[in-house]
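Read top to bottom, the protein sequences are chains A and B.
Using numbering that gives the first Met the number 0, the first residue of the first sequence is number 0, and each one after it goes up by one.
Using numbering that gives the first Met the number 0, the first residue of the second sequence is number 0, and each one after it goes up by one.
Number of protein chains: 2
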Amino acid sequence: MTTLKDIAKHANVSACTISRYLNSNIVVKKETEAKIQLAIKELGYVTNVVAKSLKHMETFNVAVIVPKINNLYYSEMTSGISQILGKHHYNLYIYEVDNLNLSEDEVLQLMRENMIAGIIFIGLFSDVSFKETIRNVVEWNIPVVYANRYMDYNGFPLLYPDLVKASKLGVEHLFLKDKRRIAFVHKNLPDHLLSYFLEGYSQASKDENKPMIMEIEEGMDLSKDCIPKLLQNNIDGVFVLNEMLAVNLTKALVQADIRILEDIAVLSLGNSLISEISTPELTSIDLQNRELGIRSAEIILSQIRKEAFEPITVLEPFIVERRSA
Amino acid sequence: MTTLKDIAKHANVSACTISRYLNSNIVVKKETEAKIQLAIKELGYVTNVVAKSLKHMETFNVAVIVPKINNLYYSEMTSGISQILGKHHYNLYIYEVDNLNLSEDEVLQLMRENMIAGIIFIGLFSDVSFKETIRNVVEWNIPVVYANRYMDYNGFPLLYPDLVKASKLGVEHLFLKDKRRIAFVHKNLPDHLLSYFLEGYSQASKDENKPMIMEIEEGMDLSKDCIPKLLQNNIDGVFVLNEMLAVNLTKALVQADIRILEDIAVLSLGNSLISEISTPELTSIDLQNRELGIRSAEIILSQIRKEAFEPITVLEPFIVERRSA
DNA sequence: TTGTAAGCGTTATCAA
DNA sequence: TTGATAACGCTTACAA
């Protein structure tokens, strides 16, 4: 491995002159420049970022903490992050929490040990302990961003899609399609998030009728346990708050000889490849996952550079109309 | 930030004693141990991995170079890699080449600058230049693994699924379903890879008839340009060498009122979530992407530790029967 | 059992 | 315009 000292010797200049030249802090004589360039080429010098990091006591590494990466929702966000970090010459660490069997505290220990420049949290964590953990990070003065869903603001920047707007958009669309009896179908959605959808419904609905709420529990059979209930309640529009669930419900409805859209419209919250693949193709609310990643990365960079940044970023969802609603 | 020196002072021991104690290179007096433990707790010491790396001239960072991460094929492999690296306390860098607008040479420069412990290449790169690049890495003595498809062996470990076996399995399955006129449908598949599928076909077929080969070009309309040709040739079994293409072709066939399986069976090469979502669900050849990632990580770790490793790993594909074939 | 001192590759300070 | 020196935090001969 060729070091600064090596090329210094080879070029008959001091190491610090070369260092300053390479970091363009000084102007050197044409002659010196030539000697340095030659030595670098001849010896094949590559700077050592680890030494730089130690010297400056900061790295160019940003970590993304994510439940799992083999999931289009998370990987789309991560790709957005990667795009921005790459443009600014930062490296991207990935820590898959579900996969690694690491506790949150262990992950954070890792972050400190590695002098991580900033941390982007994606996805939901075990609520109570998580808030404590993230507050610890802030205490250590590591820049942090949390991107996913609304949560009580705790002194770190938050990014999330406007779920009330998402709900309003979706419900208005269903109304437009002459669907009047709406059901929200979800899985494990905590109450405080569900309330945003109800709020969106109220905003979209002129009169005072209420939507049906249906929670799918683990191991439930959609055909046997859910569809009959939808029919009993004369539901003609389903707003499924989870894209994969929307796909599966659509399949079950088709299998039960219910016409999608004509009999029951299905609207998906979340718009990835799988909405396009589903038959019929799903009309979906796009929550802008890639944009969420991009903005998260921009905010973490602002923090790292001690520039101003938005404490809260709310993204506007939009609807993509296909066949199912 | 608390350093070794700080706790040394606080505990009235020398820094090197603590260092050796923490790395369990020596046994210390009970009393010393207690003092050290206390100091660490009171001052909240966290070791500095960057300094360690500089000292040892090696990092615990492995880089995955991948075209894009928001793709189930790549993210599944990456997740496998992440799992193994995490277990062995290595960190995972992701570099998305398609996304970053970085040339291969620039990426490799980055690897050297950051003292990357090892590099895992996933996916296809611009062939000619890529082989040159990867050979450079080997020259620099950075452990490298290439996981994707067969290529001329060039002195670095290779991992890929057995495509001949995949083809044989698939064709045998189609024969079993009484499909006799088989077409291979593909997109951008280079000839040397296509030949494996033909070889697999030969192995599965007793007589000497040949399959039809259909290449889908950019911008082609499956309904207008492909399906008529399949029908003209009395094709009753299609082996699609790209999962997404299999999904789209299935859609087009359904739209043309052709019964999947009964009229034309569709078999997909590649088995991710999207095969399950497709209607009808696709019978697929699973190429073991996660396992490919896992084995890649294991091999890179062996290399890093200067242990023995397999130069070539060929994974056995298997078939997952669903509805379409 | 513990401590001293040098050094990993880089850069900031100060001096020339 | 350049150079000597010390320092970032940690480890490792070598010495005690």
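Each residue gets a CB set at the ideal place from its N, CA and C atoms; glycine is no exception.
What does a CB cutoff of less than 8 Å around residue i pick up in its chain, not counting 5 residues either side in sequence?
{"i": "isoleucine 318(B)", "result": "Leu168, Gly169, His172, Thr282, Ser283, Ile284 and Asp285"}
{"i": "aspartate 161(A)", "result": "Val313, Leu314, Glu315 and Pro316"}
{"i": "serine 325(B)", "result": "The structure shown has nothing for residue 325(B), since chain B only spans 0 to 324."}
{"i": "isoleucine 298(A)", "result": "Val144, Pro156, Leu158, Phe308, Glu309 and Thr312"}
{"i": "isoleucine 93(A)", "result": "Ala62, Val63, Val65, Ile68 and Thr77"}
{"i": "phenylalanine 59(A)", "result": "Val48, Ser52, His88, Tyr89, Asn90 and Ala116"}
{"i": "tyrosine 20(B)", "result": "Val27, Thr31, Glu32 and Ile35"}
Near residue i, which residues of its chain fall below 6 Å by C-beta distance, leaving aside the five closest residues on each side in sequence?
{"i": "glutamine 202(A)", "result": "Lys167"}
{"i": "proline 279(A)", "result": "Ile259, Arg322 and Ser323"}
{"i": "asparagine 241(B)", "result": "Lys186"}
{"i": "serine 301(A)", "result": "Phe308"}
{"i": "asparagine 270(A)", "result": "Ser283, Asp285 and Val319"}
{"i": "alanine 38(A)", "result": "Ile6, His9 and Ala10"}
{"i": "alanine 331(B)", "result": "Absent from the model: residue 331(B). The displayed extent of chain B is 0 to 324, so no value can be given."}
{"i": "methionine 56(B)", "result": "none"}
{"i": "arginine 180(A)", "result": "Asn233, Ile234 and Asp235"}
{"i": "isoleucine 303(A)", "result": "Ala116, Gly117 and Pro142"}
{"i": "arginine 289(B)", "result": "Glu75 and Gly79"}
Roughly how many angstroms separate the alpha carbons of residue i and residue j, rounded to a whole number?
{"i": "alanine 251(A)", "j": "isoleucine 226(A)", "result": "8 Å"}
{"i": "proline 142(B)", "j": "valine 96(B)", "result": "19 Å"}
{"i": "isoleucine 353(B)", "j": "methionine 110(A)", "result": "This structure gives no information on residue 353(B), because the portion of chain B shown stretches from 0 to 324."}
{"i": "phenylalanine 155(A)", "j": "threonine 77(B)", "result": "29 Å"}
{"i": "isoleucine 83(A)", "j": "tyrosine 89(A)", "result": "9 Å"}
{"i": "serine 52(A)", "j": "alanine 50(B)", "result": "9 Å"}
{"i": "leucine 291(B)", "j": "tyrosine 159(B)", "result": "7 Å"}
{"i": "threonine 16(A)", "j": "threonine 46(A)", "result": "14 Å"}
{"i": "asparagine 98(A)", "j": "histidine 191(A)", "result": "28 Å"}
{"i": "asparagine 147(B)", "j": "tyrosine 195(A)", "result": "44 Å"}
{"i": "isoleucine 68(B)", "j": "leucine 101(B)", "result": "15 Å"}
{"i": "leucine 273(A)", "j": "serine 81(B)", "result": "What sits at residue 273(A) in the sequence shown is isoleucine, not leucine. Near 24 Å, if we compare the C-alpha coordinates of serine 81(B) and isoleucine 273(A)."}
{"i": "tyrosine 152(A)", "j": "arginine 134(A)", "result": "11 Å"}
{"i": "lysine 178(A)", "j": "glutamate 216(A)", "result": "26 Å"}
{"i": "glutamate 214(A)", "j": "leucine 230(B)", "result": "46 Å"}
{"i": "glutamate 306(A)", "j": "lysine 54(B)", "result": "33 Å"}
If I measure Cβ to Cβ from residue i and keep anything under 7 Å in the same chain, skipping five residues before and after, which residues do I get?
{"i": "alanine 245(A)", "result": "Val239, Val265, Ser267 and Leu281"}
{"i": "tyrosine 44(B)", "result": "Thr1 and Ile6"}
{"i": "serine 277(A)", "result": "Val246 and Thr249"}
{"i": "leucine 221(A)", "result": "Asn247, Leu248 and Ala251"}
{"i": "tyrosine 73(B)", "result": "Val65, Pro66, Lys67, Ile121 and Gly122"}
{"i": "serine 295(A)", "result": "Ile80, Ile119, Val144, Ala146 and Leu158"}
{"i": "proline 210(A)", "result": "Ile181, Ala182, Phe183 and Tyr200"}
{"i": "leucine 188(A)", "result": "Leu240"}
Got a sec, what are the start and stop residues for the alpha helix (DSSP H) residue i sits in?
{"i": "leucine 201(A)", "result": "Correcting the residue identity first, residue 201(A) is serine in this sequence and not leucine. Where serine 201(A) is concerned, the enclosing alpha helix (DSSP H) stretches over 190-203."}
{"i": "leucine 260(B)", "result": "Note, leucine 260(B): premise wrong, no alpha helix (DSSP H); not H, not E."}
{"i": "serine 81(B)", "result": "71-86"}
{"i": "glycine 43(A)", "result": "Counting along the chain, glycine 43(A) falls outside any alpha helix (DSSP H), and DSSP gives it neither H nor E."}
{"i": "isoleucine 293(A)", "result": "288-303"}
{"i": "glutamate 214(A)", "result": "Careful: glutamate 214(A) lies outside any alpha helix (DSSP H), inside the beta strand (DSSP E) at 211-214."}
{"i": "alanine 50(B)", "result": "48-55"}
So which of the options has the shortest CA-CA distance to residue i?
{"i": "glutamate 261(A)", "options": "Val63(A), Ile273(A), Asp235(A) and Glu275(A)", "result": "Asp235(A)"}
{"i": "lysine 403(B)", "options": "Asn140(B), Leu272(B) and Met150(B)", "result": "As shown, chain B starts at 0 and ends at 324. That puts residue 403(B) outside it, with no answer to give."}
{"i": "valine 48(A)", "options": "Val12(B), Met114(B) and Asn60(B)", "result": "Met114(B)"}
{"i": "valine 12(A)", "options": "Asn22(A), Ala33(A) and Asn24(A)", "result": "Ala33(A)"}
{"i": "asparagine 208(B)", "options": "Glu198(B), Ile215(B) and Glu214(B)", "result": "Glu198(B)"}
{"i": "leucine 107(B)", "options": "Asn153(B), Leu71(B), Val144(B) and Thr132(B)", "result": "Thr132(B)"}
{"i": "alanine 116(B)", "options": "Leu229(B), Val237(B) and Val136(B)", "result": "Val136(B)"}
{"i": "isoleucine 121(A)", "options": "Asn70(A), Asp177(A), His87(A) and Glu112(A)", "result": "Asn70(A)"}
{"i": "glutamine 254(B)", "options": "Lys223(B), Val63(B), Asn233(B) and Lys228(B)", "result": "Lys223(B)"}
{"i": "glutamate 105(B)", "options": "Leu21(A), Lys40(A) and Gly85(A)", "result": "Gly85(A)"}
{"i": "glutamate 112(B)", "options": "Glu112(A), Leu3(A) and Glu306(A)", "result": "Leu3(A)"}
{"i": "methionine 219(B)", "options": "Val184(B), Ala14(B) and Ile25(B)", "result": "Val184(B)"}
{"i": "methionine 362(B)", "options": "Gln231(A), Ala14(A), Glu275(A) and Asn22(A)", "result": "This structure does not reach residue 362(B), given that chain B is present from 0 up to 324, and the question cannot be answered."}
{"i": "leucine 193(B)", "options": "Ile212(B), Trp139(B) and Lys176(B)", "result": "Ile212(B)"}
Within the continuous beta strand (DSSP E) that includes residue i, where are the two ends?
{"i": "tyrosine 159(B)", "result": "157-160"}
{"i": "asparagine 90(A)", "result": "90-95"}
{"i": "isoleucine 311(B)", "result": "311-314"}
{"i": "aspartate 104(A)", "result": "From DSSP, aspartate 104(A) is part of no beta strand (DSSP E) but of the alpha helix (DSSP H) over 103-112."}
{"i": "tyrosine 145(A)", "result": "143-146"}
{"i": "threonine 282(B)", "result": "282-285"}
{"i": "valine 12(A)", "result": "Unbroken run through valine 12(A): none, as it is neither H nor E."}
{"i": "isoleucine 181(B)", "result": "181-185"}
Exercise. For the region 218-245 of chain A, list the beta strand (DSSP E) runs that are entirely contained and at least 3 residues long, ordered along the chain.
Key: 236-239
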